[in-house]
Amino acid sequence: MHIGSVLGLLLFLLYLSELFDAVAEFGFTGHVYADDTQLYISVPAVSYQETIERFVCCLERVRDWTASNRLKLNEDKTQIIWLGTWNQLSKSLPQSLTLWNGTMLQFSTAVKNIGVLIDSQLTMADHIAAVCLSGFFQLRQLRLIRQSLTPVAVKTLVHAFISSRLDYCNQLFVGVSGRLLDKLQSLQNAAARLVTAGSQKI
1082 MHIGSVLGLL
1092 LFLLYLSELF
1102 DAVAEFGFTG
1112 HVYADDTQLY
1122 ISVPAVSYQE
1132 TIERFVCCLE
1142 RVRDWTASNR
1152 LKLNEDKTQI
1162 IWLGTWNQLS
1172 KSLPQSLTLW
1182 NGTMLQFSTA
1192 VKNIGVLIDS
1202 QLTMADHIAA
1212 VCLSGFFQLR
1222 QLRLIRQSLT
1232 PVAVKTLVHA
1242 FISSRLDYCN
1252 QLFVGVSGRL
1262 LDKLQSLQNA
1272 AARLVTAGSQ
1282 KI
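Start counting the sequence shown at 1082; every next residue gets the next number (this note's numbering).
Here you go:
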């Protein structure tokens, strides 16, 4: 859920403090980071219909609260996702819902949370794929100018573009499959080859 504001980070969080009370009325838990507000609720898969109705009512309550506090709820930027096991997600859950103003929201298979792609089964597969895609692209770009850079410059750029992305929120990689970890390892290996032997092909 995206709420626009011109306030600074700290003032904005203080400004939103009352919003959590409004969200709690519908059984949701709220989390705010900068201008992104996230709502969570844990329910049995069989209760999906009631949960959707509560969610729509909660969003309407949030919209009214933001409007009365000179903020704006951007429905177009609002993302929703079902999280669960494969068995739970295969129970013919609806893939869209309609808000009070006729806006239709499609359930996503992955949503971005503070720069991390969260998929429906929390496998981290989408995030790792995005990290590897971006990382190998950056390595190919660096390889084109490798001969014009000093070893220190190469190392600095690799740390900035590759290592930082591998390290970002890496606690979330605990428990992921070995196949996915191998993809991250291959990116790290390619980065190491560029630093130590720029003539090797990536």
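We put the beta carbon where it would ideally sit given N, CA and C, even for glycine.
Check                                                                                                             : Outcome
Quick one: complete beta strand (DSSP E) runs, 3+ long, within the segment 1163-1194?                             : 1177-1179, 1185-1187, 1191-1194
For Gln1269 and Tyr1114, what's the separation of their Cα atoms in angstroms?                                    : 30 angstroms
Using the three-state DSSP reduction, which class does Gln1219 fall into: helix, strand or coil?                  : helix
DSSP state of Gly1259, grouped into three classes?                                                                : helix
Do Ser1201 and Leu1253 count as a contact pair if the criterion is CB distance below 8 angstroms?                 : no
Pull the bridge partners of Gly1111 from the DSSP assignment, please.                                             : Leu1120
So the candidates are Cys1138, Met1205, Ile1161, Gly1111; which of them puts its Cα closest to the Cα of Asn1251? : Met1205
Could you give the first and the last residue of the continuous beta strand (DSSP E) run that contains Asp1200?   : 1197-1200
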